[in-house]
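The next block holds one structure in the form of structure tokens; read it before the comments.
Number of protein chains: 2
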Amino acid sequence: MSLLTVGTVAFDAIETPFGKTDKIVGGAATYIAWSASYFSKKVNIVSVIGDDFDMNELAELRKRGVDTTGIEVKEGKKSFFWSGKYHLDMNTRDTLITDLNVLLEFNPQIPAAYQGSDILLLGNIDPNLQLNVLNQLTTKPKLTILDTMNFWMTPSYKEKLLEVISKIDVLTINDAEARELSNEYSLVKAAKKILSMGPEYLVIKKGEHGALLFHENNVFFAPALPLEEVFDPTGAGDTFAGGFAGYLDKTRDISFENMKRAIIYGSAMASFCVEKFGAERLRELTHNDIEDRVKDFIDLVQFDIVLQD
Amino acid sequence: MSLLTVGTVAFDAIETPFGKTDKIVGGAATYIAWSASYFSKKVNIVSVIGDDFDMNELAELRKRGVDTTGIEVKEGKKSFFWSGKYHLDMNTRDTLITDLNVLLEFNPQIPAAYQGSDILLLGNIDPNLQLNVLNQLTTKPKLTILDTMNFWMTPSYKEKLLEVISKIDVLTINDAEARELSNEYSLVKAAKKILSMGPEYLVIKKGEHGALLFHENNVFFAPALPLEEVFDPTGAGDTFAGGFAGYLDKTRDISFENMKRAIIYGSAMASFCVEKFGAERLRELTHNDIEDRVKDFIDLVQFDIVLQD
């Protein structure tokens, strides 16, 4: 089984109340690939970087079964760079620098060897590029998951975003974005409207408050693990998506019941991500670590009520 | 089994984006009593009202097995009155009027017939009065639950609040209050500090984001039900506490496992409360309604993962 993801591979410089980093490797596709690599046998990345990138980072990903041939290297150009500073509550941040660099010319090309990937996870990029990727695929993936953000809900992009949303199976957005996209405050009403736009499934990410999965008239809620310390939330949403997609790929089952499990595994991966800067924690996990963390989720929500009918 | 609660019985006037009420019956002890009456055989209230109160309201409570002899009626005085207006998001509100009236002279007296109540639920009032109640009890209840709020965490009251907290078994507060009381942002760290202040159990209410139960090194999370519409959140926290305490009283089991169940039942009762103005919805429930709602909670969080060890 294989997972194809299209998204950014970038440099980040992050400042939190706990410390700050120099340029470290970030970008949605990086977090997705590291996270999914614990589940998927093969993760295919399509992205773009400059020749300033540390190519050892790609070698590290290849060691984990990630195919990086779809990462275009632009000679003489610089990689996408983002810098941000988190506030004390870790829920809000200021963007200090956004240097799009190579991202301005990103025109994703799907290598022939990536055709036939079972699951497609479109990371948060311009919906025009997401559509472009969909149009290049010779076989429809078994499942297409799309991540996006509020920036693409503005008038210049909204029409394209709605077009791509109408073509995918699972949409993942946060609660503020769900409200903005639907113009409904109630997440239940928002979900109904968004599901009517095309997707079979909607995942609403609520950060420290967990995640909701909507499908037809069903709803599933997965908590976030209450943590002593959130060290750096950067990439947690992408790590969640990578774990979610990777688990679905590994288990070859895209039923609602299995999506619930995938959300728990994605949440477990995200809970590791925030423990260290960037994707550092995602490089050192064992399968036992992941199973132990999933057990924490089970313990967190498990109760035993026998209903009297 | 019996439940003793001490708290306000009041008039409220509520305005929400959906409409507004004239003076309707409110107050923590009202919500607690209605909610607990679906579980406890006997609910004993201690409170104070003026002679402007609608005595039929007390008769309604008595029909449900609530003993109202501990509600002192002050002749020629007015009942406590609160008026508030909710913002569009329903999470924030402005207080328009607070007329303490009889509450200024509230000096709770525990009737002899209330001695020996199995569970004591101290509603949110001045910690001096909460201590006064504890001192009047001739037998220690099997479980003492205390609700409070940020107002009592200010310098004038904090010492007394800490004294009463050191004497009770279960503390229920919201997330902002837990952070204020502990001076810790992380709820896990906050819970550790608060448990070291005396209580065996801490319930942190997060409104639409659910509730956490902490005990020793264990934590349990109960979601709030995602609702299409929150019509009026007034009293939801008290309704939660009433259902929680009532369920523990009915089942005669104060273990951690049973507290988890009690939190689910409390959350179910709170989910009804917000569907109509004030305590209206709590007057018309059947046991089937409650069991159906608890089933919704089970469906919401239930997943089935077999760990590979």
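As they're listed, the protein sequences go chains G and B. Everything in the first sequence is counted per this note's numbering, starting at 2 for the first residue and increasing by one. Everything in the second sequence is counted per this note's numbering, starting at 2 for the first residue and increasing by one. Built from N, CA and C at the ideal position, the CB exists for glycine as well.
- Boundaries around residue 48/G are those of the beta strand (DSSP E), 43–51, since no alpha helix (DSSP H) includes it.
- When C-beta distances to chain G are compared with 9 Å, the residues of the segment 234–264 of chain B below that value are 258, 261, 262, 264, in chain order.
- For secondary structure counted as the alpha helix (DSSP H) over 4 or more consecutive residues, the segment 92–141 of chain B holds these complete runs in sequence order: 128–137.
- Across the set 49/G, 88/G, 94/G, 177/G, the C-alpha of 49/G shows the shortest separation from the C-alpha of residue 130/G.
- No Cβ-Cβ contact shorter than 8 Å links residue 46/B with residue 27/B.
- CA-CA distance, residue 35/G to residue 164/B, rounds to 50 Å.
- Chain-ordered, the chain B residues with CB closer than 8 Å to the CB of residue 296/G read 308.
- Pairing residue 199/G with residue 146/G gives a Cβ-Cβ distance that is not under 8 Å.
- Using beta-carbon distances, residue 302/G counts as an interface residue toward chain B, with a partner under 8 Å.
- In the displayed model, residue 271/G falls within a helix according to three-state DSSP.
- Buried is the label assigned to residue 206/B, since at least 16 other Cβ atoms lie within 10 Å of its Cβ.
- A contact is defined here as three or more CB-CB pairs under 8 Å, and the segment 100–117 of chain B fails this definition with respect to the segment 238–248 of chain B.
- The shortest CA-to-CA distance from residue 76/G to any of 267/G, 18/G, 154/G, 106/G is the one to 106/G.
- Neighbours of residue 210/G in chain B, taken as residues whose beta carbon is under 8 Å from its own, are 207, 210, 211 in chain order.
- If you draw a straight line from the Cα of residue 265/B to the Cα of residue 298/B, it is about 7 Å long.
- Cα atoms of residue 69/G and residue 221/B: separation of roughly 41 Å, rounded to the nearest angstrom.
- Considering only beta carbons, the part of the segment 212–229 of chain B lying closer than 7 Å to chain G consists of 213, 220, 221, 222, 224, 227, 228, 229, in chain order.
- Interface annotation for the segment 78–93 of chain B against chain G: 89, 90, 91, criterion Cβ-Cβ distance under 9 Å.
- Separation of the CB atoms of residue 30/B and residue 23/B is rounded to 21 Å, and the pair is thereby denied contact status at 8 Å.
- The DSSP-derived three-state label of residue 8/G is coil.
- A contact between stretches requires three or more CB pairs, one per stretch, nearer than 8 Å, and the segment 167–186 of chain G meets this requirement with the segment 134–146 of chain G.
- Going by beta carbons, residue 155/G and residue 174/G fall outside the 8 Å limit.
- The C-beta of residue 38/G comes no closer than 8 Å to any C-beta of chain B.
- When Cβ-Cβ separations below 8 Å define contact, residue 42/B makes no contact with chain G.
- Three or more Cβ pairs closer than 8 Å define a contact, and the segment 267–287 of chain B meets that threshold against the segment 4–21 of chain B.
- In this model, residue 82/G and residue 10/G are separated by some 9 Å (Cα to Cα).
- The beta carbon of residue 299/G falls within 8 Å of a beta carbon belonging to chain B, placing the residue at that interface.
- Going by beta carbons, residue 295/B and residue 301/G fall outside the 8 Å limit.
- At a cut-off of 8 Å, the C-beta of residue 186/G has a neighbouring C-beta in chain B.
- Beta bridge pairing from DSSP links residue 3/B with 43/B.
- Residue 37/G is classed as buried because its beta carbon has at least 16 other beta carbons within 10 Å across all chains shown.
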